[in-house]
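Numbering (my numbering), first residue to last: 998 to 1345.
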């Protein structure tokens, strides 16, 4: 997690050298490719060099084909790019340096990233379908504000899924791209967390606009601060970034307690119905985070869950489950409010 939070800084700092000058002749070009491989540089840098004395089209086509075939090789941990060697318990299924074309093609390969990519592609499809379905239903009798909140919630969930899939697809293009797409992935997580908070506050304090506005502004400010801390020029310590995100996640307890007490506690049927679901959201999310951080089960079975069943794949599945669970909780709240209106016994 520390590596994830510090990754944004690397986005601006790192660059990959692609060699200097022109290469003359096919022999020298292949020597350049070999030298780039030995230095750990992407093959794509050498493949795009201009040739001063080009060979025949047939020879160049054959060479390009051989290079692509070599790049398609699935690697063990020891041969993977160093920046991808962050989980020593995943021993096989790595991609080497790939071009953009091969990164897209690798979506359909069988690697240790395949399920990571497709789990959130399917997650995006799920939330896209829910967006269309919910807005069609809510268009019948819900106020405009409800439609906006539901649309924003599901759009943020879709953005989280898309940015995650992009990170896992293009992380092998270069080390610079790895850090940049990792920062996008982090932004998607923060965006989904913002959507969860804002929708929860909107519905919880629906009948009390002052409290609703206070908590909405507070949550939005914390989001802005958390994002500003990721800007590389501020050079914020990774521990501070982690602390801010943990504090942001924990902050949700405050409006939850305020809401449940103001509504009369568990004696209120709405609190009795929805408070367990809010706690369930914390349990699912917390469990997912613990699995991700502890690297279970691969920690106990190195090499056995490289392709199916690794901690990151469980993390992905539980994230989709948590977001879907929260969406359903919001729909229950909307239905209850539409059927029962606002109570007159809230204690502020």
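Virtual Cβ for every residue (Gly too), placed ideally from N, Cα, C.
Note on residue 1062: under 16 other CB atoms within 10 angstroms of its CB, so exposed under the neighbour-count rule. Burial state of residue 1324 is buried, judged by a 10 Å Cβ sphere holding 16 or more other Cβ atoms. If you ignore the 5 residues before and after residue 1309, its C-beta comes within less than 7 Å of the C-beta of 1113, 1289, all in its own chain and listed in chain order.
Note on geometry: alpha-carbon atoms of residue 1076 and residue 1280 lie some 38 Å from one another. A straight line joining the alpha-carbon of residue 1086 with that of residue 1295 spans about 6 Å.
Judged by DSSP secondary structure, residue 1266 falls within the alpha helix (DSSP H) whose first and last residues are 1266-1291. In the displayed model, residue 1091 falls within a strand according to three-state DSSP.
Residue 1169 is positioned such that its CB atom lies closer than 8 Å to that of residue 1093.
Between residue 1149 and residue 1192, the C-beta gap is smaller than 8 Å, which places the two residues in contact. Taking C-beta atoms as the reference points, residue 1196 and residue 1146 count as a pair closer than 8 Å. By the Cβ test, the segment 1124-1134 is not in contact with the segment 1298-1314, since fewer than three Cβ pairs between them sit closer than 8 Å.
A contact between stretches requires three or more CB pairs, one per stretch, nearer than 8 Å, and the segment 1242-1255 fails this requirement with the segment 1152-1171. Counting the other CB atoms within 10 Å of its CB gives residue 1339 a total below 16, which places it among the exposed residues.
Beta-bridge pairing by DSSP links residue 1135 to no other residue. Across the structure, residue 1285 and residue 1316 are spaced so that their CA atoms are roughly 7 Å apart. By the neighbour-count criterion, in which a residue is buried when 16 or more other Cβ atoms sit within 10 angstroms of its Cβ, residue 1336 is exposed. In this structure, 1084 is the residue among 1084, 1221, 1260 with its C-alpha nearest to the C-alpha of residue 1299.
Looking only at 1206, 1198, 1190, the smallest Cα-Cα distance to residue 1221 is reached by 1190.
If you draw a straight line from the Cα of residue 1259 to the Cα of residue 1096, it is about 57 Å long.
Going by DSSP, residue 1082 is part of no alpha helix (DSSP H) at all; its letter is neither H nor E.
In the structure shown, residue 1208 falls within a helical segment according to DSSP collapsed to helix, strand and coil.
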